[in-house]
Amino acid sequence: MAEGLTSGDFQGENRLDIAIAENGASAVIRKMNAIAAACQKLDPGVAASLRGEALRLGENMESVVKGAAVVALQTAVVSSPVDTGLLRSNWAVKINKSRPQSHFTPETDKDGIRTIEEGTFVINDTNREAGQIVWISNSAPHAVACEKGHSAQAPNGMTALAVQSANQYVHNRRLALRGKM
């Protein structure tokens, strides 16, 4: 579901990326709909049931992806070391199929509230298409150094914790959707 990528030098960019996506669940939904289409003539009831399950799975999946992305963003921002607030303010969210461009901003956000609010808005306001990834990136000049432990405030970096939090969120949602929580 979530994956942290440290790009020391990706196409000339020195930045951190966290990718949130459904990891193949959309392919399952497409297959369910294809099977439903094939079953239509044999048993319209079974076909309708499969389409309903595919729709339900898709709705739940999108909710889980968005929730995991918000959790990852919050964790990345809050776990970022703070001096001026430059590192926290540079966490940006974009929705794309491939790694989008990321740009440094000189703005600061010591408490991270504005950054979390703006990123959460992007996550919740976007209608993702199949295969699109929620990218949470940081292009601050010192982001990669902080990720590699060059700050006593975040000796283990930020992305691993954000990925762990997002994956835990997904696990908890799966349990809740199965009625086991």
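All letters in the sequence shown, in the order written, are residues 161 to 341 by our numbering. Don't be surprised by glycine CBs; every beta carbon is placed ideally from N, CA and C.
query = Which stretch, first to last residue, makes up the beta strand (DSSP E) that contains A252?
reply = It spans W251 to N256 - the beta strand (DSSP E) in which A252 sits, taken as one unbroken run.
task = For the alpha helix (DSSP H) holding V304, just list the boundary residues, first then last.
result = Element bounds for V304: A303 to E307.
task = Could you pull the start and end residues of the alpha helix (DSSP H) that V242 belongs to?
result = Taken as a continuous stretch (DSSP letters only), V242 belongs to no alpha helix (DSSP H), as it is neither H nor E.
ask   = What residues match up with V294 in a beta bridge as DSSP calls it?
value = Bridge pairing for V294: I180 and I255 [DSSP].
ask   = Is the region 316-336 in contact with the region 218-228, if contact means three or more CB pairs nearer than 8 Å?
value = As far as the Cβ criterion goes, the region 316-336 touches the region 218-228, which means the pair count is three or higher.
task = Spatial neighbours of A322 within its chain, please: CB distance less than 6 Å, with the 5 preceding and 5 following residues excluded, ordered by chain position.
result = The answer, listed in chain order, is I178, A232, T235 and A236.
message = Beta-carbon within less than 6 Å of T280's beta-carbon, same chain only, minus the 5 sequence neighbours each way: which residues are those?
response = The beta carbon of T280 lies closer than 6 Å to those of V230 in the same chain, with the five residues before and after it left out.
query = From what residue to what residue does the alpha helix (DSSP H) around D285 run?
reply = According to the DSSP assignment, D285 belongs to the alpha helix (DSSP H) that extends over I273 to D285.
query = Which term fits I273, buried or exposed, when burial requires 16 or more other beta carbons within 10 angstroms of its beta carbon?
reply = Burial call: exposed.
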